[in-house]
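>
Number of protein chains: 2
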Amino acid sequence: MRNENGGDRTERIRRVFQEYLRGRNVKCTDARRKVLEAVLDLREHFEAEQVLYFLRERSERVGKATVYRTLPLLVEAGILREVRFDVKHTHYELAFGEAPHDHMVCGRCGRIIEFGSNEVTKLRSKIARQHGFRVTGHRFQITGVCKDCAAAFPAAGQQR
Amino acid sequence: MRNENGGDRTERIRRVFQEYLRGRNVKCTDARRKVLEAVLDLREHFEAEQVLYFLRERSERVGKATVYRTLPLLVEAGILREVRFDVKHTHYELAFGEAPHDHMVCGRCGRIIEFGSNEVTKLRSKIARQHGFRVTGHRFQITGVCKDCAAAFPAAGQQR
DNA sequence: ATGCTTGCAAAACGTTTGCACAGGG
DNA sequence: CCCTGTGCAAACGTTTTGCAAGCAT
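One line per chain: the protein sequences are W and X, in this order.
Per this note's numbering: the first sequence = residues 55 to 214.
Per this note's numbering: the second sequence = residues 55 to 214.
1) Could you tell me the alpha carbon to alpha carbon distance between Gly151 (chain X) and Ala92 (chain X), rounded to whole angstroms?
2) Could you tell me whether the Cβ atoms of His155 (chain X) and Glu173 (chain X) are closer together than 8 Å?
3) Give the residues of chain X in contact with Thr124 (chain W), contact being defined as C-beta atoms less than 9 Å apart.
4) Using three-state DSSP, classify Val199 (chain X) as helix, strand or coil.
5) Could you tell me which chain W residues have their CB closer than 7 Å to the CB of Arg178 (chain X), listed as they occur along the chain?
6) Assign Asn57 (chain W) to buried or exposed, taking buried as 16 or more other Cβ atoms, counted over all protein chains shown, within 10 Å of its Cβ.
7) Beta-carbon separation of Ala159 (chain X) and Gln104 (chain X) under 8 Å?
8) At least one CB of chain W closer than 8 Å to the CB of Arg138 (chain X): is that the case?
9) Apart from the five residues just before and just after Val99 (chain W), which ones in its own chain have a Cβ nearer than 8 Å to its Cβ?
10) Which stretch, first to last residue, makes up the beta strand (DSSP E) that contains Glu147 (chain W)?
11) Could you work out which residue in W:Val121, W:Arg76, W:Arg78, W:Arg63 is closest to Ala85 (chain W) when comparing CA atoms only?
12) Need the endpoints of the beta strand (DSSP E) that Gly170 (chain X) sits in, please.
13) With 8 Å set as the bound, which would you pick, yes or no: does the beta-carbon of Thr120 (chain W) sit closer than that to a beta-carbon of chain X?
14) By how many angstroms is the C-alpha of His192 (chain W) removed from the C-alpha of Lys7 (chain W)?
15) Give the C-beta separation of Leu96 (chain X) and Ile67 (chain X) to the nearest angstrom, bearing in mind that I take them to be a contact with Cβ-Cβ under 8 Å.
16) Closer than 7 Å to a non-hydrogen atom of the ligand FAD - does that hold for the CB of Pro126 (chain W)?
17) Please decide whether Phe71 (chain W) counts as near chain X, where near means a Cβ-Cβ distance under 8 Å.
18) Does the CB of Ala182 (chain X) have a neighbour CB from chain W at under 8 Å?
19) Taking beta-carbon pairs under 9 Å, can you tell me which members of the segment 153–169 of chain W lie near chain X?
20) Going by other Cβ atoms of all chains shown within 10 Å of its Cβ, with 16 needed for buried, is Lys81 (chain W) buried or exposed?
21) So Glu173 (chain W) contacts chain X; which residues on that side make the cut at Cβ distance below 9 Å?
22) I'd like to check one pair, Gly198 (chain X) with Val129 (chain W): are the Cβ atoms closer than 8 Å?
23) Looking only at its own chain, which residues have a Cβ that is under 6 Å from the Cβ of Leu90 (chain X), when we skip the five neighbours before and after it?
24) Establish whether the CB of Val199 (chain X) and some CB of chain W are separated by less than 8 Å.
25) Does Arg188 (chain X) come within less than 8 Å of chain W when only Cβ atoms are used?
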């Protein structure tokens, strides 16, 4: 169930990380490599704590602080992307080579549905142009009730 | 610099809150009224702590817990809206009677530019329909560099 | 060898909660 | 009067930081 996109991509990501570290004059250490491997295996949306658990399960000795210090590096390297579903945790997802996408979050079961952002990106450019704003990114999240939950609770999600 | 939209709207909001509380069989207390007055004066984007400071400055005795317990009430009453600019704090803005809008955030100076969401709302409905998702809301944020900063630092914002 | 990196524990941060008391309906 | 709301302080969970020791270059 892991890395089914083939080792190519994984290998390419490893190289990207290494190059990024080298470029920033930051050391390529064992701990950082282990964090990278963990997020490559987790792949879906995850939070820092899950990376930690994952490493613990495999009895990899990586400190909590190191995980928290490495994730931002992976973001800057373009390998991860921050996704914010709630205030309490910071969520991450693998971004490298993924088509840009956004999320719908079901307020009832918590399910996260991804959808492509072509149109969102187009709209965002249009809006930014009108304001002389130079875009670097966006975050678009639709909240509501997913199909299954809507079927199970027909009355739900009508508020407001 | 405060309440320049005239007391009408302010007065209307007060009534909305009162009615909301009555409807939910929740008491209209002094503390809750003070929190409301604070957010009416703050108006722009603010966080819980700022409400607290504001009240402290005016030597209004309202506990931190009460502020944190009242803000969600104001959201449910449709007076405030949650806006999330960063992970650490929950931001709020006055929503009552405002045309729905979203935000561009300048990563250099922190400026927040609002823009209307008609098209965003249309797009969101279209996407949701494709997935059988029942929408209750959305959050759309464009990140980048504002006009002024782009002029001041022509090289900025080209990364990624 | 040097100095960035680590891991631990403790701090920090915004937010929530438990509780005895106050106050609204 | 009753029951909800209050305020304080302490608890909470995530993230950050200070520091001595470890390791990559």
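Glycine included, C-beta positions come from ideal geometry on N, C-alpha and C.
Looking at the coordinates:
1) Within the second sequence, residue 151 (chain X) is the residue found at index 97, counting from 1. Within the second sequence, residue 92 (chain X) is the residue found at index 38, counting from 1. Gly151 (chain X) and Ala92 (chain X): Cα-Cα distance of roughly 18 Å.
2) If you number the second sequence from 1, residue 155 (chain X) lands on position 101. If you number the second sequence from 1, residue 173 (chain X) lands on position 119. In this structure, Glu173 (chain X) does not lie closer than 8 Å to His155 (chain X) by Cβ.
3) Taking the first sequence and counting its residues from 1, the one referred to as residue 124 (chain W) is at position 70. None at all; the shortest Cβ gap to chain X is about 17 Å.
4) Sequence index remark: in the second sequence, residue 199 (chain X) carries index 145 (1-based). In this structure, Val199 (chain X) counts as strand in the three-state DSSP scheme.
5) Looking up residue 178 (chain X) in the second sequence gives position 124. Result: Ile196.
6) To locate residue 57 (chain W), count along the first sequence from 1; it is residue 3. Note on Asn57 (chain W): pLDDT 46, under 50, position unreliable in the model; no value is reported.
7) By 1-based counting over the second sequence, the position of residue 159 (chain X) is 105. By 1-based counting over the second sequence, the position of residue 104 (chain X) is 50. The identity of residue 159 (chain X) in the sequence shown is Val, whereas the question assumes Ala. No. Outside cutoff.
8) If you number the second sequence from 1, residue 138 (chain X) lands on position 84. Chain W, which has a Cβ nearer than 8 Å to the Cβ of Arg138 (chain X), makes this yes.
9) In the first sequence, counting from the first residue as 1, residue 99 (chain W) sits at position 45. Just to set this straight, residue 99 (chain W) is His in the shown sequence, not Val. Only Val137, Phe139, His145, Tyr146, Glu147, Ile166 meet the Cβ criterion.
10) Start at 1 with the first residue of the first sequence, and residue 147 (chain W) comes out as number 93. Per DSSP, Glu147 (chain W) belongs to the beta strand (DSSP E) from 145–148.
11) Position 31 of the first sequence, counted from the first residue, corresponds to residue 85 (chain W). The candidate whose alpha carbon is nearest that of Ala85 (chain W) is W:Val121.
12) To locate residue 170 (chain X), count along the second sequence from 1; it is residue 116. Its beta strand (DSSP E) spans residues 166–170.
13) Residue 120 (chain W) sits at position 66 when you count from the first residue of the first sequence. Not one chain X Cβ lies under 8 Å of Thr120 (chain W).
14) Only positions 55 to 214 of chain W appear in the structure, and residue 7 (chain W) is not among them; the question remains open.
15) Working through the second sequence from its first residue, we reach residue 96 (chain X) at position 42. Working through the second sequence from its first residue, we reach residue 67 (chain X) at position 13. Not a contact, Cβ separation roughly 13 Å.
16) What this structure holds is no ligand at all, so the ligand FAD is not there to describe.
17) Numbered from its first residue, the first sequence carries residue 71 (chain W) at position 17. Judged by the 8 Å Cβ criterion, Phe71 (chain W) is not in contact with chain X.
18) As a first step, residue 182 (chain X) is located in the second sequence; it is residue number 128 there, counting from the start. Yes, its Cβ sits closer than 8 Å to a Cβ of chain W.
19) Asp156, Met158, Cys160, Gly161, Ile167, Phe169
20) Position 27 of the first sequence holds residue 81 (chain W). It is exposed - the Cβ of Lys81 (chain W) has fewer than 16 other Cβ atoms within 10 Å.
21) Here residue 173 (chain W) refers to the residue found at position 119 when the first sequence is read from its first residue. Those are Leu177, Lys180, Ile181, listed as they occur along chain X.
22) Counting from one through the first sequence, the residue named residue 129 (chain W) turns up at place 75. Counting from one through the second sequence, the residue named residue 198 (chain X) turns up at place 144. No, the pair does not count as a contact, with Cβ atoms beyond the cut-off.
23) Stepping through the second sequence from its first residue, residue 90 (chain X) is reached at position 36. Closer than 6 Å at Cβ, skipping near neighbours: Phe71.
24) As a first step, residue 199 (chain X) is located in the second sequence; it is residue number 145 there, counting from the start. At least one chain W Cβ lies under 8 Å of Val199 (chain X).
25) Within the second sequence, the letter at position 134 stands for residue 188 (chain X). Arg188 (chain X) counts as touching chain W.
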